[in-house]
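Right, one structure below, let's go through it.
Residue numbers (my numbering): 435 to 745.
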């Protein structure tokens, strides 16, 4: 016979005695919280990207080594010529004196290096601006119309190889002045890269673009502004960069021949005074100004370039 025992639902089951002390529960919870905090901290540390200085070294170290090599060769040449070529230290000390007052005036032919650089930049800006105003539209027309391309290509091929200084006597003869003759020389040497690069860019526009423009019956102005200009912009900017580099090269030589105020005339005047230190300083000034011009032009071009052209 099996007996069954029934318990009333009102009866309470006695609690199970815990062998752990009361504070053990809190210890376990605190341990769990501490472990979780450490895990979160570890994840944050792992997620934080490590700084990679290798790219910075690759950008900084090679130029520094190049400049150090230049200074070393310069020092060896100075020692080999028995100081006929000033050492880097002597040239630096002279540059400190020279640039302490770059805008002095002691007469029309004795002015600071700052005034000479500004005078040269003014001539370059005038001649280069005129070349851009004329050259870029001409390049668009030559690239757009086959008849004009066949008409002007022989003239461009004939005129482009001529040395820019060969145009200087023509400028002196026509304009009867050294300053407009120098601007004319800048203009004539800057216009060819703009014309050629712009025309090549127009000719390389995909024919599908032009077919779409023909189907939509777009006007010539819309074709130029909506289709040709975005496509030609990289070529045009390349021509502008080449032109401004050529203009800065030519102005130095032109000012040596024409005289007056300018960085080229300053170099020639210092040569007549046998001041080799100032000549070397002028060489560095010419290089730095040319570098700044190109860098500024690149930044300006990037600001006005479409995203697909930037990439």
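Note that the Cβ used here is the ideal one computed from N, Cα and C, for glycine as well.
In this text, all values refer to a predicted model and were calculated from it rather than measured experimentally.
Same chain only: Cβ atoms within 7 Å of residue i, ignoring 5 sequence neighbours per side
i: residue 620; result: 557, 558, 561, 562, 681, 684 and 685
i: residue 615; result: 602, 605, 606, 609 and 692
i: residue 717; result: none
i: residue 466; result: Below a pLDDT of 50, predicted positions are generally treated as unreliable, and residue 466, at 47, falls in that range; the measurement from the model is reported next regardless. Cβ within range, chain order: n/a, list empty.
i: residue 672; result: 631
i: residue 565; result: 621, 624, 625, 628 and 677
i: residue 679; result: 724 and 728
i: residue 720; result: 686 and 697
Alpha helix (DSSP H) segment containing residue i, residue limits
i: residue 530; result: 522-533
i: residue 675; result: 663-692
i: residue 696; result: That residue, residue 696, is in no alpha helix (DSSP H); it is neither H nor E in DSSP.
i: residue 602; result: 602-609
Cut-off 6 Å between Cβ atoms - residues of its own chain near residue i, not counting five sequence neighbours on either side
i: residue 676; result: 627
i: residue 637; result: 577
i: residue 525; result: 711 and 714
i: residue 519; result: 511 and 512
i: residue 728; result: none
i: residue 704; result: 712 and 713
i: residue 698; result: 686, 689 and 690
i: residue 736; result: none
i: residue 569; result: 625, 628 and 629
Backbone CA spacing between residue i and residue j [nearest angstrom]
i: residue 549; j: residue 655; result: 43 Å
i: residue 541; j: residue 694; result: 11 Å
i: residue 575; j: residue 582; result: 7 Å
i: residue 733; j: residue 722; result: 16 Å
i: residue 597; j: residue 490; result: 42 Å
i: residue 642; j: residue 648; result: 10 Å
i: residue 517; j: residue 528; result: 15 Å
i: residue 386; j: residue 662; result: Residue 386 lies beyond the residue range present for the chain, which begins at 435 and ends at 745; the question has no answer from this structure.
i: residue 585; j: residue 594; result: 15 Å
i: residue 521; j: residue 506; result: 10 Å
i: residue 653; j: residue 502; result: 58 Å
i: residue 587; j: residue 611; result: 31 Å
i: residue 702; j: residue 498; result: 31 Å
i: residue 635; j: residue 590; result: 16 Å
i: residue 670; j: residue 650; result: 26 Å
i: residue 537; j: residue 696; result: 13 Å
i: residue 573; j: residue 599; result: 24 Å
i: residue 504; j: residue 571; result: 43 Å
i: residue 708; j: residue 500; result: 29 Å
Three-state secondary structure (DSSP) of residue i
i: residue 594; result: coil
i: residue 578; result: helix
i: residue 515; result: coil
i: residue 750; result: The requested residue 750 does not occur in the structure, where the chain is confined to residues 435 to 745.
i: residue 638; result: coil
i: residue 464; result: A caution first: residue 464 carries a pLDDT of 49, below 50, which makes its placement in the model too unreliable to give a value.
i: residue 653; result: coil
Beta-bridge partners of residue i, as assigned by DSSP
i: residue 539; result: 545
Residues near residue i by beta carbon distance below 8 Å, same chain, minus five either side
i: residue 496; result: none
i: residue 533; result: 547
i: residue 657; result: 644 and 647
i: residue 555; result: 723
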